[in-house]
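Numbering (the numbering used here), first residue to last: 12 to 307.
A virtual CB, placed ideally from N, CA and C, is assigned to each residue, including glycine.
None of the values given here were measured: they were computed from a predicted structure.
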Amino acid sequence: MTAKIISGTEIRKTILAEIKADVEKMKIKHGKVPGLATILVGKDPGSVSYVTLKVKTALSVGFHEIQDDQPEDIREADLLALIDKYNNDPDIHGILVQLPLPKHIDEKKVINAINPDKDVDAFHPANVGSLMICCDEARFLPCTPAGIQEMIVRSGTPTCGAEVVVVGRSNIVGKPIAMMMAQKSVCANATVTIVHTKTKDLAAHCKHADILIVAAGVPGLVKPEWIKPGATVIDVGVNRVGMNETTGKAILKGDVDFDAAKEIAGKITPVPGGVGPMTIAMLMKNTLRAAQYALG
Ligand code: GUN
């Protein structure tokens, strides 16, 4: 059996077309479009390529976009002042500070400085709190988990009563997606287990999963024999494992041994072209929502 491939690239196209149509409506109704400020500190190649793609996508759906590149040695106080400027700019509805930040800057302070109503990453404690209380009422869902949930739902994978195993417990992916899948909601209602580096028998837990979500950052961690036949496998890993000499582009590998896993799984996401494109689409969705709230 070969698994059905859940293409993030295809689902993203549909979502971006929906957003673009809503932006057109907003322009007619309010004479305004959603505004996104993207702040990049330094020149980390991974961050530069993520931010470039975010900016390009924002422009493609008709947003007002400000790409604000800052030097690696920016003072923390100056970065906080910059955030405050965008907090008070009525044309900016979403603020994104690309992480990680240089070591001399306190990431927590920076996240806490963003107005929760403009926190389109949903990293601010106020937005993390709303997610814990009820996802259906949260203004913003964190982008990668929201993208994962969208892929599960749009691929027709049943979630009610399903065994979901999440490999990884990060604040950005593991913890929020576990919480979202366990919620009392039509897109969730699953039984969720979180496993991590200190879990005694990772393989045994993974084998129980009807939906296996892997966000460990370890290339090829999940072996085909860890997968329950017919399971839906969502691979969040984007590991740079080398460089293509001809194209000069990074060679990306997921956390799942894709070629072998697709012979066992029922549905599976590829790397690249899986969860990655969804994250940026959900960032656009959050920015649109922020503007809709602000404009009434
Ligand atoms: N760095 C890696 N992923 C993300 C993300 O989703 N948002 C931000 N702000 N930084 C990141």
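- Around the beta carbon of Ala226, a 10 Å sphere encloses 16 or more other beta carbons of the protein chains shown; the residue is thus reported as buried.
- Under a 10 Å Cβ-count criterion, Ile22 is classified as buried, with 16 or more other Cβ atoms of the shown protein chains found around its own Cβ.
- Following the DSSP letters along the chain, one finds Lys296 inside the alpha helix (DSSP H) bounded by residues 286-306.
- In the structure shown, Gln160 adopts helical secondary structure according to DSSP, grouped into three states.
- Thr49 sits buried, since 16 or more C-beta atoms from the chains shown fall within 10 Å of its C-beta.
- The C-beta separation of Asn98 from Lys129 comes to about 6 Å, placing the pair in contact by the 8 Å criterion.
- Scanning its chain for C-beta atoms nearer than 7 Å, with the 5 sequence neighbours on each side dropped, one finds around Ala292 the residues Arg23, Ile26, Leu27, Gly158, in chain order.
- Taking each of Pro127, Asp147, Pro82 in turn and checking the Cα distance to Leu112, the smallest one comes out for Pro82.
- The distance from the Cβ of Ile224 to that of Val164 is about 14 Å, inconsistent with a contact at the 8 Å cut-off.
- For Gly285, the closest of Thr63, Ser166, Lys54, Asp147 by C-alpha to C-alpha distance is Ser166.
- In the three-state DSSP reduction, Val59 falls in the helix class (H, G or I).
- For Asn250, the enclosing beta strand (DSSP E) stretches over residues 250-254.
- As far as DSSP is concerned, Gln194 takes part in no beta bridge.
- Counting along the chain, the unbroken alpha helix (DSSP H) around Leu213 starts and ends at 213-218.
- Residue pairing of Val108 in beta bridges, as defined by DSSP: Ile50.
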